[in-house]
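Novice:
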DNA sequence: ACATTAAGTGATT
DNA sequence: AATCACTTAATGT
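Residue numbers (this note's numbering): 600 to 817.
(1) Please go through the region 755-809 and give each complete alpha helix (DSSP H) segment of 4 or more residues, from N-terminal end onward.
(2) Taking only three categories from DSSP, how would you classify residue 650?
(3) Taking the straight line between their C-alpha atoms, what separation do you get for residue 800 and residue 813?
(4) For residue 614, which residues in the same chain have their Cβ closer than 7 Å to its Cβ, ignoring the five residues on either side in sequence?
(5) For residue 641 versus residue 624, is the C-beta spacing smaller than 7 Å?
(6) From residue 755 to residue 795, what does the alpha carbon distance come to, in whole angstroms?
(7) Excluding the five sequence neighbours on either side, which residues of its own chain have a C-beta within less than 8 Å of the C-beta of residue 785, listed in chain order?
(8) For residue 617, which of 809, 634 and 733 has the nearest alpha-carbon?
(9) Where does residue 603 land, buried or exposed, given buried means 16+ other C-beta within 10 angstroms?
(10) Could you please give the first and the last residue of the uninterrupted beta strand (DSSP E) stretch that includes residue 674?
(11) Counting pairs of beta carbons, one from the region 689-698 and one from the region 625-632, are three or more of them closer than 8 Å?
(12) For residue 676, is the beta carbon positioned less than 6 Å from some heavy atom of the ligand ADP?
(13) Spatial neighbours of residue 705 within its chain, please: C-beta separation below 7 Å, excluding the five flanking residues on both sides.
(14) Do residue 601 and residue 661 have their CB atoms nearer than 7 Å?
(15) Name the two residues that bound the continuous alpha helix (DSSP H) containing residue 661.
(16) Going by the beta-carbon positions, is the gap between residue 663 and residue 700 smaller than 7 Å?
(17) Quick check on the burial criterion: 16 or more other C-beta atoms within 10 angstroms. Buried or exposed for residue 715?
(18) Between the Cα of residue 636 and those of 696, 650 and 709, spot the shortest distance and give me the residue it belongs to.
(19) Can you list, in chain order, the residues of its chain with a C-beta nearer than 6 Å to that of residue 695? Leave out the 5 residues immediately preceding and following it.
(20) Rounded to the nearest angstrom, how far is the Cβ of residue 645 from that of residue 665, given a contact under 8 Å?
(21) Return the chain-ordered list of same chain residues with a C-beta closer than 8 Å to the C-beta of residue 718, the five sequence neighbours on each side being excluded.
(22) Does residue 724 come out as helix, strand or coil in the three-state DSSP assignment?
(23) Is the beta carbon of residue 805 sitting closer than 7 Å to the one on residue 815?
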């Protein structure tokens, strides 16, 4: 994690145009801090107390949920520039430990807003309140889709959606990750991923290499 | 050349 | 789809 000195107001106007109030923009610039994380770096671990809400300016992050039992975890969703982590809001305001783990997928820049401000802005700025509500709504929908997926759909469709989402959030179509890492994200075995990718590459949906996968759409 | 790690495969449950 | 056991292929030292 690295602190950066950049013009926060510009970042906000560029990536969060919905936060339109001038005063709000100034407050974000005043209280916010810009951090940069490298690919694979953990932003928030399980059980850590969150003291900031992140506004993602560049890059993308994975949001993982840990299973009750040891070691197992599963990818809940991906967040990209212009978004924020809705879990942070509740964790911050209730002063609770994080129930999730977030990790940078690629080089990611974000503005950290201290909790004190997050709370007071809710009543003072309409656009902030709307932003928080919209974030919740979007994430709720995503979670419902996630539940549908793991209960009703086969692994083949889950894998396709996983690759689609990676493409959408990162903007790339080639990803540097191992099949073991994909298996971990989806909480399935590596062998299952290997066999599925083989079939998908025969169908021309994907191109596989060592440590590298290219989504060819379809 | 050798060791290590990623990926492919068949058999079994 | 998981687990196991094993092979093959790619990479690093």
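Just so it is clear, CB atoms sit at the ideal spot from N, CA and C, and this is done for glycine as well. Quick caveat: nothing in here was measured; it's all calculated off a predicted structure.
Specialist: Per the coordinate set shown:
(1) 778-785 and 789-801
(2) If you number the first chain from 1, residue 650 lands on position 51. It is coil, neither helix nor strand.
(3) Taking the first chain and counting its residues from 1, one reaches residue 800 at position 201. Taking the first chain and counting its residues from 1, one reaches residue 813 at position 214. For residue 800 and residue 813, the distance between alpha carbons rounds to 10 Å.
(4) On the first chain, position 15 is the one that residue 614 refers to. For residue 614, where only same-chain residues beyond five positions count, the Cβ hits under 7 Å are 656, 680 and 681.
(5) By 1-based counting over the first chain, the position of residue 641 is 42. By 1-based counting over the first chain, the position of residue 624 is 25. Contact: no.
(6) Taking the first residue of the first chain as 1, we reach residue 755 at position 156. Taking the first residue of the first chain as 1, we reach residue 795 at position 196. If I take the Cα positions, the gap works out to 7 Å.
(7) Counted from its first residue, the first chain places residue 785 at position 186. Contacts found: 673, 674, 754, 757, 758, 761 and 792.
(8) Here residue 617 refers to the residue found at position 18 of the first chain. For residue 617, the nearest C-alpha among the options comes from 733.
(9) The sequence position of residue 603 within the first chain is 4, counting from 1. Under this definition residue 603 is an exposed residue.
(10) Counting from one through the first chain, the residue named residue 674 turns up at place 75. Per DSSP, residue 674 belongs to the beta strand (DSSP E) from 672-679.
(11) no
(12) Only the bare structure without any ligand can be found here, which leaves the ligand ADP out of the picture.
(13) For this step, residue 705 is matched to residue 106 along the first chain. If we look at residue 705 and ignore the five residues flanking it on each side, its Cβ neighbours are 638, 658, 659 and 769.
(14) For the purposes of this step, residue 601 is taken as the residue at position 2 of the first chain. For the purposes of this step, residue 661 is taken as the residue at position 62 of the first chain. For residue 601 and residue 661, no; Cβs fall outside 7 Å.
(15) Residue numbering aside, residue 661 sits at position 62 when the first chain is read from its first letter. That residue, residue 661, is in no alpha helix (DSSP H); its beta strand (DSSP E) goes 659-665.
(16) Along the first chain, one-based indexing puts residue 663 at 64. Along the first chain, one-based indexing puts residue 700 at 101. Yes, the Cβ-Cβ distance between residue 663 and residue 700 is below 7 Å.
(17) Looking up residue 715 in the first chain gives position 116. Exposed, by the Cβ-count rule.
(18) If you number the first chain from 1, residue 636 lands on position 37. With distances taken between Cα atoms, residue 636 lies closest to 709.
(19) Your numbering for residue 695 matches position 96 in the first chain. If we look at residue 695 and ignore the five residues flanking it on each side, it has no Cβ neighbours.
(20) In the first chain, the residue the question calls residue 645 occupies position 46. In the first chain, the residue the question calls residue 665 occupies position 66. Yes, they are in contact, since the Cβ atoms of residue 645 and residue 665 sit about 5 Å apart, within 8 Å.
(21) To locate residue 718, count along the first chain from 1; it is residue 119. The answer, listed in chain order, is 691 and 692.
(22) One-based indexing of the first chain puts residue 724 at position 125. Three-state result, residue 724: coil.
(23) Position 206 of the first chain, counting from 1, holds the residue named residue 805. Position 216 of the first chain, counting from 1, holds the residue named residue 815. Taking 7 Å as the Cβ cut-off, residue 805 and residue 815 qualify as a contacting pair.
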